[in-house]
Amino acid sequence: MSFIKIYDFPVANLSLKEAVDAVIKLIEEPKKTHIITINPEMIYAALNNPNLSKIIKSADLILPDGIGIVLAGKIKGQEFKERVPGIELAEEIVRKKDNLKVYLIGAKPGVAEKAAIKLLEVNNTTEIVGIENGYFEKEEEKIEQIINSKPELVLVGMGFPRQEIFIRNLLSKSPQPLVAVGVGGSFDVWAGVSKRAPEFMQKAGLEWLWRLIQEPWRYKRMIVLPKFALKVFVDYKLRGRKD
């Protein structure tokens, strides 16, 4: 497996298919695994927060989700094979791995239940061993519930950085192996609460623009993309950063 380092974060250079196969192998080994599908917002935040940086670097597998990460690779002269969005990664794992025990936690009340129905449509052999919304106060209780459910795959839809912190805590306390993936707002898409960008916009790397049109209040977060691209260009092209 090859990696492209973006600000010292080792991002795996895998196609979606290769990433799915790699995760399924980790599930079957089995092995405790934290998977991050990274975007510019996450790296930008981590560059200014040592704790977040440590959490990301402690992940077992980092995959290139955002178009800004792919662009950063091009600026460095190292091209990623393709984006590996968390929503597609999770769906394809469920599609390809029969009888997979899955736990869903995150989003508003009622959303994860609808998301679970969508995943069962993807593969009706999937066993949903637990469903929980993301609105809770006692994290330890939820972690205990997950552990007792003995899932093979835990999908956490709480957004960054909360989902990454939760996954780290879950894996540190779990006595059994499991694979955990932060999937951000994927539950909302699966549940039909929000719509994903049309395929042509996804392929053009304009999914961020679609989200901005659908959710204009996210503009402050979207500003990170051009700021990140400029920073990467200045640091790697003009200043000759090497890592």
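Numbering of the sequence shown is given in my numbering, commencing with residue 1251 and proceeding in unit increments.
For glycine and all other residues, C-beta sits at the position ideal for the given N, C-alpha and C.
Practice prompt. Can you have a look at W1467 and say buried or exposed, based on whether 16 or more other CB atoms are within 10 angstroms of its CB?
Written response: In summary, W1467 is exposed, with fewer than 16 beta-carbon neighbours lying within 10 Å of its beta-carbon over all protein chains present.
Worksheet entry | G1356 - partner residues in DSSP beta bridges | Beta-bridge pairing links G1356 to G1407.
Discussion item. Taking the straight line between their C-alpha atoms, what separation do you get for G1384 and G1407?
Written reply: Taking the straight line joining both Cα atoms gives about 8 Å.
Fill in: Buried/exposed call for M1251, threshold 16 Cβ in 10 Å
Per the 10 Å Cβ criterion, exposed.
Worksheet item: Can you tell me where the alpha helix (DSSP H) with F1259 in it begins and where it stops?
Response: No alpha helix (DSSP H) contains F1259, which is instead part of the beta strand (DSSP E) from F1259 to A1262.
Discussion item. Classify N1263: buried if its beta carbon has 16 or more other beta carbons within 10 angstroms, exposed otherwise.
Written reply: Under a 10 Å Cβ-count criterion, N1263 is classified as buried, with 16 or more other Cβ atoms of the shown protein chains found around its own Cβ.
Worksheet item: How is E1377 classed by DSSP in three states: helix, strand or coil?
Response: Three-state result, E1377: strand.
Fill in: Unbroken stretches of the beta strand (DSSP E), 3 residues or longer, contained in the stretch 1391-1476
Fully enclosed beta strand (DSSP E) runs of 3 or longer: 1403-1407 and 1429-1432.
Discussion item. Tell me whether the stretch 1360-1369 and the stretch 1278-1286 touch, counting them as touching only if at least three CB pairs, one residue from each stretch, are closer than 8 Å.
Written reply: The stretch 1360-1369, when compared against the stretch 1278-1286, does not touch it at the 8 Å Cβ threshold.
Discussion item. Can you give me the C-alpha to C-alpha distance between I1274 and Q1426, rounded to a whole angstrom?
Written reply: Put simply, the backbone Cα of I1274 is about 17 Å away from that of Q1426.
Discussion item. Can you check which of these residues, K1331, W1458 and V1261, is closest to D1310 by C-alpha distance?
Written reply: Among K1331, W1458 and V1261, the Cα nearest to that of D1310 is on V1261.
Item to complete: Give me whichever residues DSSP pairs with K1351 in a beta bridge.
Response: In the DSSP output, where bridge partners are listed per residue, K1351 has E1377.
Worksheet item: Alpha carbon to alpha carbon, what distance is there between I1325 and D1438?
Response: Using only the alpha carbons, I get a separation of about 33 Å.
Worksheet item: Okay, do the stretch 1365-1375 and the stretch 1384-1400 touch, 3+ Cβ pairs below 8 Å being the bar?
Response: They do not touch, by the three-pair rule.
Discussion item. Going by DSSP in three states, F1253 sits in which element: helix, strand or coil?
Written reply: Three-state DSSP puts F1253 in a strand.
Discussion item. Runs of 4 residues minimum, wholly inside the stretch 1264-1301: which ones carry the alpha helix (DSSP H) assignment?
Written reply: Look at the stretch 1264-1301 and you find these whole runs of alpha helix (DSSP H), each 4 residues long or longer: 1266-1278 and 1290-1297.
Worksheet item: Just the Cα atoms here: how many angstroms apart are K1477 and D1348?
Response: Distance from the CA of K1477 to the CA of D1348, rounded to the nearest whole angstrom, comes to 42 Å.
Discussion item. Quick check on E1329: does DSSP put it in helix, strand or coil?
Written reply: DSSP places E1329 in coil when its eight states are reduced to three.
Worksheet item: For E1389, which of helix, strand or coil comes out of DSSP?
Response: If DSSP states are grouped into helix, strand and coil, E1389 belongs with the helices.
Worksheet entry | Straight-line Cα distance separating I1254 from L1428 | Cα to Cα, L1428 sits roughly 26 Å from I1254.
Worksheet entry | Beta-ladder partner(s) of L1311, from DSSP | Assignment of beta-bridge partners to L1311 by DSSP yields I1285.
Worksheet item: Apart from the five residues on each side of it in sequence, which residues of its chain come closer than 8 Å, Cβ to Cβ, to V1372?
Response: Closer than 8 Å at Cβ, skipping near neighbours: E1341, V1344 and R1345.
Discussion item. Tell me the rounded alpha-carbon separation between E1402 and I1473.
Written reply: Across the structure, E1402 and I1473 are spaced so that their CA atoms are roughly 37 Å apart.
Fill in: Local Cβ density within 10 Å of L1276, reported as buried at 16 or more and exposed below that
Buried is the call here.
Fill in: Residue burial classification, S1436 (beta-carbon count within 10 angstroms, cutoff 16)
Label assigned to S1436: buried.
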